[in-house]
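Numbering-wise (our numbering), the sequence shown opens with residue 384 and increments by one. Quick reminder that beta carbons are idealized off the backbone N, C-alpha and C, glycines included. Keep in mind that this is a model prediction, so the values were computed, not measured. In what follows, a single structure is set out as structure tokens and then discussed.
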Amino acid sequence: MDRILVIGGEGFLGLKLVRALKQGYDVAATYYKTKPEEAGCEWLQLDIVNPKATKDCISNLKPNVVVLLAAVSTTFGNMEEIAKVNINGVRNVVNACQSVGSRLIFLSSDYVFNGEKGLYKPEDKPKPSTPYGISKYEGEKLVASIPNSVILRSSLMYGWHEPFQHKNFFTKVLTKLRGGEQVVTFNDCYRTPVYVGDVVRVLGAVISRDAKGLFHIGGPDYLSFTDFAHKIAKVFQLNESLILSKPCNMSLPKLLGLDAKATEDFLGFRFVPLSQGLKLLATGGEAS
Ligand SMILES: NC(=O)c1ccc[n+]([C@@H]2O[C@H](COP(=O)([O-])OP(=O)(O)OC[C@H]3O[C@@H](n4cnc5c(N)ncnc54)[C@H](OP(=O)(O)O)[C@@H]3O)[C@@H](O)[C@H]2O)c1
């Protein structure tokens, strides 16, 4: 049975991936601060900034596949702090994978683009404009130096999270609307939100098919944060008048979102439309 190591297994995507993979693989996963209470998987503490610890972890386990999800995902913030994990940490994982011959799958982001065009295709040239985007693009370049590696660039994910995980746009809006609070949304920032369960599906398919190269992951709806919030309110039957809308006054990339048609064709499935994904979450299609 193939052994898979998920680095960042306690995160929003990581824990869902671990739960799916342990059905068919020998799974080990790392956590940084919080060890999840998830059985059926070997949990190891790892700070990827530490080159020796990273090398020891990977050379002891000798996994067939390493899925690298650990990252600092603050959009802005200090470049030096972000680079420690998202560049130096990635380099440590790349070096360790090369030394034992593990295949590496890396999660990147549509923030590698500057947000002037939207619906980016895999052949569009990245031009990041935020510290996070710059770090993810540098991470991509390091990962691409390993033959057989996979880079999965994802747009904004939505889904339920554990209490110890960060909120996402979906759960932030839902919490506010359920509490009767107003929620301010940007009407000029566009994304292609993707159901987190679909990202797990892509990872499963990429692992089982031995795929390699660059893939874009994004849902079929290209819409603003304001329209996203209205869809949430509609599906969960909450008060839409609490949704306030304004242009973004920060240097956030405006028109992001990924064209994922090539990924859909290659893998032979369609990403769920936003309304359908939200209905799945509302009806317990995925545990909260
Ligand atoms: N969520 C999205 O919408 C989205 C969209 C596009 C791409 N991505 C990418 O997809 C991946 C997974 O995203 P996610 O939302 O699931 O992230 P997440 O919940 O923030 O999980 C990332 C994990 O990495 C851990 N970590 C941070 N620094 C570390 C270090 N030095 N060594 C080891 N682990 C460390 C974090 O631990 P602590 O929490 O304890 O700090 C966190 O649990 C990330 O690479 C992200 O850039 C996410």
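Evaluate residue i with the Cβ neighbour count: other Cβ atoms within 10 Å of its Cβ, from every protein chain shown; 16 or more gives buried, anything less gives exposed.
{"i": "R486", "result": "buried"}
{"i": "F459", "result": "exposed"}
{"i": "N469", "result": "buried"}
{"i": "D593", "result": "exposed"}
{"i": "M540", "result": "buried"}
{"i": "D648", "result": "exposed"}
{"i": "A422", "result": "exposed"}
{"i": "L664", "result": "buried"}
{"i": "F536", "result": "In the sequence under discussion, the amino acid at residue 536 is Arg, which differs from the Phe named in the question. Flag for R536 reads buried."}
{"i": "S671", "result": "Since pLDDT at S671 reaches only 36, below the 50 mark, its modelled position is unreliable, and no value is offered."}
{"i": "Q407", "result": "The sequence shown places Gly at residue 407, not Gln. Exposed, since its Cβ has fewer than 16 Cβ neighbours within 10 Å."}
{"i": "R653", "result": "exposed"}
{"i": "G562", "result": "exposed"}
{"i": "P546", "result": "exposed"}
{"i": "T457", "result": "exposed"}
{"i": "G667", "result": "exposed"}
{"i": "E523", "result": "buried"}
{"i": "S624", "result": "exposed"}
{"i": "G580", "result": "buried"}
{"i": "P419", "result": "buried"}
{"i": "G484", "result": "exposed"}
{"i": "S532", "result": "buried"}
{"i": "G596", "result": "exposed"}
{"i": "S482", "result": "exposed"}
Within its chain, find whatever has a CB closer than 7 Å to the CB of residue i; leave out the 5 residues flanking it on each side and keep chain order.
{"i": "L638", "result": "G498, E499, K500, G501, Y573"}
{"i": "L650", "result": "V585, A588"}
{"i": "S329", "result": "Coverage of the chain is limited to positions 384 through 671, which leaves residue 329 absent and any answer about it impossible."}
{"i": "L444", "result": "R386, L388, A411"}
{"i": "L557", "result": "I615, F619"}
{"i": "A351", "result": "Residue 351 lies beyond the range of the chain shown here (384 to 671); nothing can be said about it."}
{"i": "A403", "result": "V583, G587"}
{"i": "A436", "result": "L429, D430"}
Taking 8 Å as the limit between beta carbons, can you name the residues of its chain near residue i, skipping five residues before and five after?
{"i": "Y415", "result": "G391, E393, Q428, L429, D430, A453"}
{"i": "P630", "result": "F569, N570, D571"}
{"i": "S528", "result": "V477"}
{"i": "T417", "result": "E393, F547"}
{"i": "N461", "result": "P514"}
{"i": "S512", "result": "N497, G498, S634, P636"}
Among residues of its own chain, excluding the 5 on either side of residue i, which ones have a beta-carbon nearer than 6 Å to its beta-carbon?
{"i": "V567", "result": "L627"}
{"i": "R386", "result": "D409, P446, N447"}
{"i": "E425", "result": "A411"}
{"i": "G397", "result": "V389, G391, L452"}
{"i": "G472", "result": "I431, V432"}
{"i": "S538", "result": "D493, R574, T575, V577, G601, G640, L641"}
{"i": "K438", "result": "A479"}
{"i": "F608", "result": "T568, F569, C572"}
{"i": "F395", "result": "H544, Q548"}
{"i": "G338", "result": "Residue coverage of the chain in this structure runs from 384 to 671, which leaves residue 338 outside it and unanswerable."}
Bridge partners for residue i per DSSP, in chain order?
{"i": "Q428", "result": "Y414"}
{"i": "I470", "result": "According to DSSP, I470 bridges with nothing at all."}
{"i": "H599", "result": "R536"}
{"i": "I387", "result": "V410, V448"}
{"i": "I488", "result": "V450, V533"}
{"i": "S628", "result": "T568"}
{"i": "E499", "result": "L638"}
{"i": "Y578", "result": "Y541"}
{"i": "Y520", "result": "Looking at the DSSP assignment, Y520 forms no beta bridge with any residue, so it has no partner."}
{"i": "Y573", "result": "S607, L638"}
Counting only beta-carbon separations shorter than 7 Å, does residue i have a partner in chain C?
{"i": "S538", "result": "Considering every chain present, this structure includes no chain C. It has just one protein chain."}
My understanding is that residue i touches residue j, with C-beta atoms under 8 Å, so please give their C-beta distance in whole angstroms.
{"i": "L525", "j": "R474", "result": "5 Å"}
{"i": "P636", "j": "Y494", "result": "6 Å"}
{"i": "I441", "j": "V450", "result": "Rounded, the Cβ-Cβ distance is 12 Å, inconsistent with contact."}
{"i": "L621", "j": "L560", "result": "4 Å"}
{"i": "T359", "j": "F598", "result": "Nothing can be reported for residue 359, as the shown portion of the chain is limited to 384 through 671."}
Q | Stretch-stretch touch, CB-based, cutoff 8 Å, three pairs: the stretch 547-555 with the stretch 590-606 | A | no
Q. Counting pairs of beta carbons, one from the stretch 474-490 and one from the stretch 518-538, are three or more of them closer than 8 Å?
A. yes
Q. When the Cβ atoms of the stretch 465-483 are set against those of the stretch 502-511, are three or more pairs found closer than 8 Å?
A. no
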